[in-house]
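Under our numbering, the first residue of the sequence shown carries the number 2, and numbering increases by one thereafter. C-beta atoms are modelled at their ideal positions from N, C-alpha and C, and glycine is treated no differently. A quick note: this is a predicted structure, and the numbers were derived from the prediction, not measured. Working notes, beginning with the structure itself.
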Amino acid sequence: MIACSYCGEAPCEWAQYRNEIIGSRLRIVARGYKRLTARRVKTALSQQYYYKRNGRLSKPSLIYLPHCVEKGIRHLNDTVRYKMIFITLLLW
């Protein structure tokens, strides 16, 4: 198994937890009754990663994300944002 070039772990942190994080992001979009800012979404997904990895969610002042996980979450937010803009333009 090859180590991740971003986090140095084998297997990569993003590869281990991406399915749960992507599922949560899709549920946030599908819920849709309340618009969330990208910052709140990133916080929620970061907390979920921390919980899945450590098994508990204490109240840390700052959740450390490996670069690969942070990059994956940012990519999810960008993808959803662009798709929402595209759909809005189509419906307009």
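Contact check, residue i vs residue j, beta carbons under 9 Å
{"i": "K43", "j": "R75", "result": "yes"}
{"i": "I22", "j": "L46", "result": "yes"}
{"i": "R32", "j": "L77", "result": "no"}
Own chain residues within Cβ distance below 6 Å of residue i, not counting five before or after
{"i": "R40", "result": "none"}
{"i": "A1", "result": "The structure shown does not extend to residue 1, since the chain spans only 2 to 93, so no value can be given for it."}
Element boundaries [alpha helix (DSSP H), containing residue i]
{"i": "K24", "result": "The question names Lys, yet the displayed sequence has Gly at residue 24. Residues 14-32."}
{"i": "S47", "result": "39-55"}
Neighbourhood of residue i by C-beta distance below 8 Å, restricted to the same chain and skipping five residues each side
{"i": "G73", "result": "W15, R19, I22"}
{"i": "C8", "result": "E14, W15, P67, H68, C69, V70"}
{"i": "Q48", "result": "L58, I64"}
{"i": "I29", "result": "L37, V42, A45"}
Beta-carbon contacts of residue i that lie in its chain and below 7 Å, excluding the five residues immediately before and after
{"i": "K53", "result": "Y18, E21"}
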